[in-house]
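Engineer: Have a look at the structure that comes next, please.
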Amino acid sequence: MLVIVAPGQGAQTPGFLTPWLEIPGLADRLSAWSEVVGLDLISYGTTADAEAIRDTAVAQPLLVAAGLAAAEALGVSLSPASGAGTAVPDLVAGHSVGELTAAVLAGVLTAEQALTLVRERGQAMAKAAAITETGMVAVLGGAEDEVLAAIERHGLTPANINGAGQIVAGGTLERLEEFKAEPPARARLIPLPVAGAFHTAHMAPAVDQLREAVASITPRDPSVPVLSNADGAVVAGGADFLARLVDQVANPVRWDACMATMAERGVTAMVELLPGGTLTGLARRALRGVTTVALKTPDDLGAAREVLK
Numbered sequence: 052m053l054v055i056v057a058p059g060q061g062a063q064t065p066g067f068l069t070p071w072l073e074i075p076g077l078a079d080r081l082s083a084w085s086e087v088v089g090l091d092l093i094s095y096g097t098t099a100d101a102e103a104i105r106d107t108a109v110a111q112p113l114l115v116a117a118g119l120a121a122a123e124a125l126g127v128s129l130s131p132a133s134g135a136g137t138a139v140p141d142l143v144a145g146h147s148v149g150e151l152t153a154a155v156l157a158g159v160l161t162a163e164q165a166l167t168l169v170r171e172r173g174q175a176m177a178k179a180a181a182i183t184e185t186g187m188v189a190v191l192g193g194a195e196d197e198v199l200a201a202i203e204r205h206g207l208t209p210a211n212i213n214g215a216g217q218i219v220a221g222g223t224l225e226r227l228e229e230f231k232a233e234p235p236a237r238a239r240l241i242p243l244p245v246a247g248a249f250h251t252a253h254m255a256p257a258v259d260q261l262r263e264a265v266a267s268i269t270p271r272d273p274s275v276p277v278l279s280n281a282d283g284a285v286v287a288g289g290a291d292f293l294a295r296l297v298d299q300v301a302n303p304v305r306w307d308a309c310m311a312t313m314a315e316r317g318v319t320a321m322v323e324l325l326p327g328g329t330l331t332g333l334a335r336r337a338l339r340g341v342t343t344v345a346l347k348t349p350d351d352l353g354a355a356r357e358v359l360k
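Structure below.
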């Protein structure tokens with residue numbers, strides 16, 4: 052039972068696309084997608100610095116495009132209903148903006164539809180983040196009930212409940228500073244390189260904008276089972292998944308619930324698309340015994356293809 056997963060914002064690092072451009076056709080694909088999103092994806096993925104790709108309006112299209120390009124290089128079809136491609140996963144899921152990548156792999160959206168939406172999503176969330184100075188901090192370790200209580204006590208939101216002892220708190224910078232000064236017992240706090248408090252009420256204006264953007268899209272029902280960040284459920288309808296995807300912008304990501312569903316369905320292997328590492332890291336702690344492969348460079352494709360056989 053194979054699951055393919057797509058990481059979310061914060062996974063990007065300067066130059067992460069550079070070695071992938073050696074794959075025939077990949078640069079042409081990224082150039083075409085650059086036209087769709089109105090950004091030079093190749094430049095941002097190769098020569099831009101960390102601050103440039105931290106920009107929400109840049110990071111989100113870059114991540115979705117990179118994930119889709121890596122999926123194609125792996126042999127996974129971006130049009131699963133067509134039967135093209137050599138690898139078919141049993142399940143797909145994406146973390147936060149990675150849900151758009153998963154929507155393409157599941158056949159809910161075309162690559163062009165997903166890239167159009169991620170352009171709108173990134174811009175809308177960047178605008179919402181500019182209204183108030185907000186941020187996010189990862190909380191590693193500590194007792195989950197104590198961590199959640201501390202987050203609530205400081206007026207923050209558990210924006211990502213990732214499982215494996217990791218919860219991400221989001222809110223105003225002032226409240227985050229107070230939280231860092233009084234952390235939960237036995238927990239380590241790490242500020243995240245994001246530009247706002249995503250998946251909190253601070254993103255409500257972005258939800259309204261994104262809802263308008265999806266009004267003209269007719270999604271297809273998934274041809275590959277796809278999980279929702281809202282509750283880890285397998286979503287059967289394309290319209291339902293698209294509505295959940297929009298609402299998720301201002302609601303917590305329950306990656307712990309997604310991994311629980313993977314365990315219930317008997318997942319034995321996980322491949323994380325580019326830029327991989329974050330989700331496979333969580334899986335190694337929460338899904339013991341599951342084979343994991345993270346795509347970081349083209350050298351990882353061989354191991355991933357072995358898993359896909």
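For what it's worth, the working numbering labels the leading residue of the sequence shown as 52, then goes sequentially.
Glycine included, every Cβ here is placed at the ideal spot set by N, Cα and C.
As the structure is a prediction and not an experimental result, all values here were calculated from the model.
(1) Among residues of its own chain, excluding the 5 on either side of residue 166, which ones have a beta-carbon nearer than 6 Å to its beta-carbon?
(2) Tell me whether residue 209 sits in a helix, a strand or coil according to DSSP, three-state version.
(3) Out of 80, 127, 100, state which residue places its alpha-carbon closest to the alpha-carbon of residue 352.
(4) What do you reckon, is the C-beta of residue 338 under 7 Å from a heavy atom of the ligand GDP?
(5) Below 8 Å on the Cβ atoms is my guess for residue 346 versus residue 325; work out the distance and round it to an integer in Å.
(6) Does the structure place the region 135-155 close enough to the region 69-81 that three or more beta carbon pairs sit under 8 Å?
(7) Would you mind sorting residue 331 into buried or exposed? The rule is 16 or more other CB atoms within 10 Å of its CB.
(8) If we count the other Cβ atoms within 10 Å of its Cβ and call it buried at 16 or more, is residue 336 buried or exposed?
(9) Thinking just about the alpha-carbon of each residue, which of 293, 91, 123 is nearest to the one in residue 266?
(10) How should residue 154 be labelled, buried or exposed, when 16 other C-beta atoms within 10 angstroms of its C-beta is the threshold for buried?
(11) So the candidates are 180, 333, 358, 328; which of them puts its Cα closest to the Cα of residue 62?
(12) Measure the C-alpha to C-alpha separation of residue 162 and residue 171 and round it to an integer number of angstroms.
(13) Could you check whether the region 269-287 touches the region 145-159, counting it as contact only if at least three pairs of C-beta atoms, one from each stretch, sit closer than 8 Å?
(14) Is DSSP giving residue 242 helix, strand or coil here?
(15) Can you tell me whether residue 357 is buried or exposed, with buried defined as 16 or more other CB within 10 angstroms of its CB?
(16) Measure the alpha-carbon distance for residue 174 versus residue 95 and round it to whole angstroms.
(17) Helix, strand or coil: which one does DSSP assign to residue 192?
(18) Is DSSP giving residue 29 helix, strand or coil here?
Structural biologist: Here's the rundown:
(1) Short of 6 Å from the beta carbon of residue 166, and not among the five residues preceding or following it, lie these beta carbons of its own chain, in chain order: 84, 87, 88.
(2) Secondary structure at residue 209: strand, using DSSP grouped into helix, strand and coil.
(3) For residue 352, the nearest C-alpha among the options comes from 127.
(4) Within the structure as shown, the ligand GDP is missing, as the structure has no ligands at all.
(5) Beta-carbon to beta-carbon, residue 346 and residue 325 are separated by about 5 Å, close enough to satisfy the 8 Å threshold.
(6) Judged by pairs of C-beta atoms under 8 Å, the region 69-81 does not touch the region 135-155, as fewer than three such pairs exist.
(7) Classification of residue 331: buried, given that the 10 Å Cβ count is 16 or more.
(8) Burial call: exposed.
(9) Of the candidates 293, 91, 123, the one whose C-alpha sits nearest the C-alpha of residue 266 is 293.
(10) With 16 or more other Cβ atoms within 10 Å, it is buried.
(11) It is 328 whose Cα lies nearest to the Cα of residue 62.
(12) Their backbone Cα atoms lie some 14 Å apart in a straight line.
(13) Yes: the two stretches touch, three or more of their Cβ pairs being nearer than 8 Å.
(14) Three-state DSSP puts residue 242 in a strand.
(15) By the neighbour-count criterion, in which 16 or more other beta carbons inside 10 Å mark a residue as buried, residue 357 falls on the exposed side.
(16) Each residue's alpha carbon lies about 16 Å from the other.
(17) Residue state, collapsed to three classes: strand.
(18) Because the chain in this structure spans residues 52 to 360, residue 29 falls outside the shown range and cannot be described.
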